[in-house]
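Undergrad: There's a structure below that I have some questions on.
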Amino acid sequence: MMNLYEVARFLEAHDNYDILTHTYPDGDTLGSGFALCLALRQIGKKARVITTGVPSKFTYLQKNIEEEDFTTETVVSVDVAADSLLGSNMGKYIGKVDLCIDHHGSNTFTAKEKFVDKYAAANCEILYKLFLRMHINFTKDIADCLYTGISTDTGCFRYTNTTAETMRVAASLMDFGCNTAYINKAMFETKSKNKIQLERAVYESMTYCADGRCAIIYTTLDMLKKLNTGDDEMEGLASIPRQIEGVLIGITMREKEGGFFKISVRTNNNINASDFCSQFGGGGHPAAAGCSIEGDLETVKTTLEKAAEKFLS
155 MMNLYEVARF LEAHDNYDIL THTYPDGDTL GSGFALCLAL RQIGKKARVI
205 TTGVPSKFTY LQKNIEEEDF TTETVVSVDV AADSLLGSNM GKYIGKVDLC
255 IDHHGSNTFT AKEKFVDKYA AANCEILYKL FLRMHINFTK DIADCLYTGI
305 STDTGCFRYT NTTAETMRVA ASLMDFGCNT AYINKAMFET KSKNKIQLER
355 AVYESMTYCA DGRCAIIYTT LDMLKKLNTG DDEMEGLASI PRQIEGVLIG
405 ITMREKEGGF FKISVRTNNN INASDFCSQF GGGGHPAAAG CSIEGDLETV
455 KTTLEKAAEK FLS
């Protein structure tokens, strides 16, 4: 495992970077990817961000990043905790990643070198400290990227992963000119009409098990087709079941093409979400984790209900 100083020296010594983000991208992986791209270009390197798509709410992160054409020499992943999280990019890059920078304690990603800080609230918090060691000039664009990652992974500083250090980093990013008002409104206070329709359908899907201590919601492919919506509108759904009084495990099931469900788990009262998901080959953080389970809606739902009842017994 590298230390942060060694990561800085590595990035300064190499060039022609492909920066990998995880599938179903969120603010932290995209903020990390675009911030690192900007930082590397600032020190004279060529870099580009590899994604499986950028949801419309995050397009501002790449507004000043033009495409570059070059032959890849170095591959770095950001906020990618497992090989499967590369999605459609897995076949091209697995076994070829030179450096993994991540904040998931459950990280199993295949990389030649790693830096993992499980105590960081977000991957962007790690990059802030890394950029200090690289003497990067914190432009407004870099600050916007880093703040986006930190604010989204902490639920606008409401989740238990928020530390005093997290707040200090955010304050520094404000000093560097990040547009906190715009980002907070875009991330937490703006919903499309389709998103409202989707949330209504999700609330109607909710069921309870384990004496009301576990709540489960789901989306299906048919539901998304009927509502004319997609992955762009999924952000934030996983927090809904955890918000219910008395619920210790909140589970969100999302049907995907290929006969499986993507599972997101959020927990309260020190119930370990990562341990719960590890039963199904997944992982993540103590209060937020995920996995994938093959099967139809009722089969997967029953499997999760039984697992929750046993986990909470």
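Residues 155 to 467 (my numbering) make up the sequence shown, in order.
Just so you know, even glycine gets a beta-carbon here, dropped at the ideal spot from N, CA and C.
Predicted, not measured: the structure shown is a model, and the values here were computed from it.
1) Using the C-alpha atoms, what's the distance from Ala201 back to Arg195?
2) Is the number of C-beta pairs between the segment 305-324 and the segment 288-297 that are closer than 8 Å three or more?
3) Can you tell me which residues form a DSSP beta bridge with Lys416?
4) Label Thr320 either buried or exposed according to how many other C-beta atoms from any shown protein chain fall within 10 Å of its C-beta, with 16 as the threshold for buried.
5) Does DSSP put Cys310 in a helix, in a strand, or in coil?
6) Ordered along the chain, which non-local residues of its own chain (more than five positions away) have a Cβ less than 8 Å from that of Met244?
7) Can the beta-carbon of Ile417 be found less than 9 Å from the beta-carbon of Ala369?
8) Any contact of the segment 206-216 with the segment 250-261, i.e. 3+ C-beta pairs under 8 Å?
9) Quick check on Ala201: does DSSP put it in helix, strand or coil?
10) Going along the chain, which residues of its own chain have a beta-carbon closer than 7 Å to the beta-carbon of Ala275, five neighbours each way excluded?
11) Using CA atoms only, rank isn't needed, just tell me which of Asn261, Gly331, Leu281 and Leu375 is closest to Thr293.
12) So is Phe224 buried or exposed if we call it buried at 16+ other beta carbons inside 10 Å?
13) Around the C-beta of Thr344, are 16 or more other C-beta atoms found within 10 angstroms, so that it is buried, or is it exposed?
14) What do you reckon, are the CB atoms on Tyr301 and Val229 nearer than 9 Å?
15) Measure the CB-CB distance between Met156 and Lys250 and report whether it falls below 9 Å.
16) Who does Phe212 pair with in a DSSP beta bridge?
17) Please go through the same chain and pick out, in chain order, the residues whose beta-carbon is closer than 6 Å to the beta-carbon of Thr206, but skip the five residues on each side of it.
18) Which stretch, first to last residue, makes up the alpha helix (DSSP H) that contains Cys278?
19) Which word fits Glu409, buried or exposed, when buried means at least 16 other C-beta atoms lie within 10 angstroms of its C-beta?
20) Would a C-beta distance cut-off of 9 Å place Ala189 and Arg287 closer than the cut-off?
21) So, at 8 Å on beta carbons, what are the nonlocal neighbours of Val234 in its own chain, with the 5 sequence-adjacent residues on each side left out?
22) Along the chain, where does the beta strand (DSSP E) that runs through Phe269 open and close?
23) Going by C-alpha to C-alpha distance, which of Ala193, Met377, Asp365 and Cys431 sits closest to Val401?
24) For the segment 373-382 and the segment 335-353, state whether three or more C-beta atom pairs, one from each stretch, are separated by less than 8 Å.
25) Tell me which same chain residues have a C-beta within less than 7 Å of the C-beta of Gly185, skipping the five on either side of it?
26) Taking the C-alpha atoms as reference points, what is the distance between Val208 and Lys460?
27) Compare the Cα-Cα distances from Arg396 to each of Thr453, Glu220 and Tyr357 and report the closest residue.
28) The ligand GTP and Ala274: does any heavy atom of the ligand fall closer than 8 Å to the residue's C-beta?
29) Would you call the CB atoms of Glu227 and His289 closer than 9 Å?
30) So, at 6 Å on beta carbons, what are the nonlocal neighbours of Asn261 in its own chain, with the 5 sequence-adjacent residues on each side left out?
31) Which residues in the same chain as Tyr282 place their Cβ atom closer than 6 Å to its Cβ, once the five residues preceding and following it in sequence are excluded?
32) Which residues mark the beginning and the end of the alpha helix (DSSP H) in which Ile350 is found?
33) Around the C-beta of Ser428, are 16 or more other C-beta atoms found within 10 angstroms, so that it is buried, or is it exposed?
TA: Put simply:
1) 7 Å
2) no
3) Arg408 and Ser446
4) buried
5) coil
6) Asp237 and Ser238
7) no
8) no
9) strand
10) Ile304, Asp307, Thr308, Asn315, Thr316, Thr317 and Thr320
11) Gly331
12) exposed
13) exposed
14) no
15) no
16) Answer is none; Phe212 lacks a bridge partner.
17) Thr177, Gly241 and Ser242
18) Asn277 to Met288
19) buried
20) no
21) Leu174, Thr175, His176, Thr183, Leu240, Cys254, Asp256 and Phe263
22) Glu267 to Val270
23) Asp365
24) yes
25) Leu215, Cys278, Cys299, Leu300, Thr302 and Gly303
26) 35 Å
27) Tyr357
28) Ligands in the displayed structure: none, and consequently the ligand GTP is not present.
29) no
30) Ala235 and Val270
31) Leu300 and Val323
32) Lys347 to Ser359
33) buried
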